[in-house]
Amino acid sequence: MRIKKIVEKTVPFGSAIANSYINFNKMTSSAVAVVTDVVYENKPVIGYGFNSVGRYAATSIIQDRMIPKIMNAAPKDIYEEDESNIDPFKINKLLKKNEKPGGHGDRAHAVGAIDMAVWDAVAKIEQKPLYKLLAERYNHDNYEKKVYTYGAGGYYYESDNMNQLKDELKSYLDKGFTDVKMKIGGADLNIDLRRIETALEVVNGCGSRLMVDANGRFDLKEALDYGFAIKDFELKWYEEPLDPLDFASHQLLAEYYPGAIATGENLFSFEDARNLLRHGGLRPDIDSIQLDPPLSYGLVEYMKILKYMESLGWSSKCCIPHGGNQFCLHITAGLGLGGNECYPGVFQPFGGFADDLSIREGYVIPTEIPGIGFEAKANLWKILRNIT
Ligand SMILES: [Mg+2]
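This is how it looks when you write it as structure tokens:
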């Protein structure tokens, strides 16, 4: 088989929301299509991908630098030995060629978007849902029959008030989630404590059903102040309290904050993840790692991170990818991770799962159609089908 062409298009999100650090209004994503010459039922196999949420399209990196690396490469550097399918590990190697170490940034999202499209194509060529392909190849054929998920939101809307927060979180429980996550750090501590208490009312006062997310906004003193103020709520986790690359402060916070900490969504490489694990003081028995494969060089890189985590005694169950998309849902099911985020109703069309999949008691299942299943999410499919 051969890749005939790869195309990229910038797509807007249009989410009128903000967290303590950024506004999502003008954010975009790169949608990618890998068009192959394989044909099923008179239709060419096309793999689709995008670079998750909360960042921007990596258009020129993909178009000017990454796509030519693949299209100009020798077949032996792209395909499996028998040339019956694409080899995602070879693609990763190709895309990282001639790139200096460090400073990962948008380059990691560019590679991640292409990696997602490649895995979609690989699973479609094998005519399997991606989670089953991953389970067969890398997890001794074991997969999760259902995946833990939670409703992430609790944003600071322009006309923020307690009732609006309450209604929003309640609507997630109505959708079938049991646990919810809210933003903190966008107001002062006293207001945030009122917001947390309001959110706790929604989950019957049960701290283990509520997470708070500071989006990397605090310095060490603020993170410790918040940690001290919220510790008795015994929340499910305290997310991104600190700048994602300030490992020494994480180590100190983990020493003083007795509850669970979750972080990693803004680390974009194996090397950054390794630094967090080496120096961040995080605890494998309670903490969660949230790296997002399409933002961080893709699934090939993510598997390298999982292997490293295992060598340090971390279970794959400690990994709960950020992003709330179908790709991460398949990865979580196929590789046995601990769960997958979900942003109900925002970050459309990329966020969320297939239209006919409902959340039941906090769990969701991946699609059974070949590939990642974008074709089963109408608003996303409407965009992706037109990019070629
Ligand atoms: Mg977060």
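This note's numbering applies: residue 1 is where the sequence shown begins, and numbers increase by one. Here a beta-carbon is modelled for each residue, glycine too, at the ideal position from N, C-alpha and C. Being a predicted model, the structure only gives us computed values, none of them experimental.
Check                                                                                                                        : Outcome
Local Cβ density within 10 Å of Lys124, reported as buried at 16 or more and exposed below that                              : buried
Sequence-distant residues of its chain with Cβ nearer than 6 Å to His279 (five each side left out)                           : Phe247
Spatial distance of Ile72 from Asp37 (CA atoms)                                                                              : Residue identity differs from the one stated: residue 72 is Asn in this sequence, not Ile. Approximately 17 Å between the Cα atoms of the pair.
Asp192 Cβ short of 7 Å to ligand 1 heavy atom set                                                                            : no
Sequence-distant residues of its chain with Cβ nearer than 8 Å to Ile62 (five each side left out)                            : Glu8, Ser30, Val32, Ala110, Ala113, Ile114
Asp272 beta carbon near ligand 1 (any heavy atom closer than 7 Å)                                                            : no
Coil, strand or helix - Cys206 by DSSP                                                                                       : coil
Where Leu295 falls: helix, strand or coil (DSSP)                                                                             : helix
Three-state secondary structure assigned by DSSP to Tyr48                                                                    : strand
Contact test: Asp213 Cβ vs ligand 1 heavy atom, cutoff 7 Å                                                                   : yes
Heavy atom of ligand 1 within 7 Å of His250 beta-carbon                                                                      : no
Residue environment, Ala333, which counts as buried when at least 16 other CB atoms sit within 10 Å                          : buried
At least 3 beta-carbon pairs within less than 8 Å: the segment 85 to 93 vs the segment 119 to 133                            : yes
Beta-carbon contacts of Lys97 that lie in its chain and below 7 Å, excluding the five residues immediately before and after  : Lys69
Chain-order list of residues whose beta-carbon lies under 7 Å from that of Leu189 (same chain, five-residue window excluded) : Asp225, Tyr226, Ala229
Span separating the alpha-carbon of Gly259 from that of Glu271                                                               : 26 Å
Beta-carbon proximity of Asp77 to Leu95, cut-off 8 Å                                                                         : no
Cβ shell of Arg209 (< 8 Å), same chain only, five flanking positions each side left out                                      : Thr178, Asp179, Val180, Val203, Lys236
Thr388: first and last residue of the uninterrupted alpha helix (DSSP H) it sits in                                          : Per DSSP, Thr388 belongs to no alpha helix (DSSP H) and is neither H nor E.
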